[in-house]
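Visitor: Going by the numbering used here, the final residue of the sequence shown carries number 465, and the count climbs one at a time with no gaps. Can you keep this structure in mind? I'll have questions shortly.
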Amino acid sequence: MLSALPASAETINVDFSEGFGLTERVVQIIALVTVLSLAPSILIMITSFVRIVVVLSLLRTAMGVQQSPPNSVIISLALFLTAFIMAPVFETAYETGIQPLINEEIEMGEALSVSSKPFQEFMLTQVRDKDLQLFMDLSKTPAVEEQQDIPFQVVVPAFMISELKRAFEIGFLIFVPFIVIDMIVASVLMSMGMMMLPPIIISLPFKLIFFVLVDGWHLITGSLVQSFGT
Numbered sequence: 236m237l238s239a240l241p242a243s244a245e246t247i248n249v250d251f252s253e254g255f256g257l258t259e260r261v262v263q264i265i266a267l268v269t270v271l272s273l274a275p276s277i278l279i280m281i282t283s284f285v286r287i288v289v290v291l292s293l294l295r296t297a298m299g300v301q302q303s304p305p306n307s308v309i310i311s312l313a314l315f316l317t318a319f320i321m322a323p324v325f326e327t328a329y330e331t332g333i334q335p336l337i338n339e340e341i342e343m344g345e346a347l348s349v350s351s352k353p354f355q356e357f358m359l360t361q362v363r364d365k366d367l368q369l370f371m372d373l374s375k376t377p378a379v380e381e382q383q384d385i386p387f388q389v390v391v392p393a394f395m396i397s398e399l400k401r402a403f404e405i406g407f408l409i410f411v412p413f414i415v416i417d418m419i420v421a422s423v424l425m426s427m428g429m430m431m432l433p434p435i436i437i438s439l440p441f442k443l444i445f446f447v448l449v450d451g452w453h454l455i456t457g458s459l460v461q462s463f464g465t
């Protein structure tokens, strides 16, 4: 049977000599896909998202409405406010890092390093020196002359706890007027002998109308954006 095979059968040769030339590009693509998959976490860590979403969540808690606005609305509003605040940073990172990488002017490693600089500068304008020093001490990072020389992995956690502190400070100020309304309603109900009626049921409409009358969404969003110096 083997001898019956045509002598002129084509032979298939697999040449790997040129395949290794694509290795670097494949690695770059894998690295890019990895970065894109981590984009939500990166967005939370190095942008204004943390402060905004915490403040909006505390606002909902202070008003006593646990499901309104829903989480999807709060996250969407926080994302758009983050995009508005971070637009100059995104633009700078794209022009200095992403665009040259697309044009094959720089390598992936250099592009990531250059693109991270605008975000690091933004975080350094918001981070507290006390928090920055804490993580420098914990990581045993030697003192530097310029803040720009502080390692990125030190700046990020310091920035996040600074953002949480500011968010809680803003949240406290938001809670105060709503607590006053709760206390007034509770006092009135007690004076009327209606102690079995939950005060939150009566105070909720007053909280909502108070928030509407003072144009609360305008005040909250405007104050949040301005708190970043935008």
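Glycine is no exception: its CB is placed at the ideal position from the N, C-alpha and C atoms.
1. Using the C-alpha atoms, what's the distance from Phe410 back to Val261?
2. Specify the secondary structure class of Ser303 as computed by DSSP and reduced to three states.
3. On the three-pair Cβ rule with 8 Å, is the stretch 397-408 touching the stretch 372-384?
4. Roughly how many angstroms separate the alpha carbons of Glu398 and Ile385, rounded to a whole number?
5. Taking only the alpha-carbon atoms, compute the straight-line gap between Gly464 and Ser438 and give it to the nearest angstrom.
6. Is DSSP giving Ala393 helix, strand or coil here?
7. On the criterion of 16 or more Cβ atoms from any shown chain inside 10 Å, does Gln355 qualify as buried, or is it exposed?
8. Just to confirm the assignment: which complete alpha helix (DSSP H) runs, minimum length 4, are found wholly within the stretch 303-335?
9. Since Gly466 is in the alpha helix (DSSP H), which residue starts that stretch and which ends it?
10. For Ser458, which residues of its own chain have a beta-carbon under 7 Å away from its beta-carbon, when the five flanking residues on both sides are left out?
Guide: Working from what's here:
1. So the two alpha carbons sit approximately 52 Å from each other.
2. Three-state DSSP puts Ser303 in coil, outside helix and strand.
3. Result no; under three Cβ-Cβ pairs closer than 8 Å.
4. In a straight line, the C-alpha of Glu398 is about 18 Å away from that of Ile385.
5. Spanning the two alpha carbons is a distance of roughly 35 Å.
6. Helix.
7. Its Cβ being crowded by 16 or more others within 10 Å, Gln355 is buried.
8. The DSSP assignment places 306-328 as complete runs of the alpha helix (DSSP H) inside the stretch 303-335, in order along the chain (cut-off: 4 residues).
9. There is no way to answer for residue 466, as the model of the chain reaches only from 236 to 465.
10. No residues qualify anywhere along the chain.
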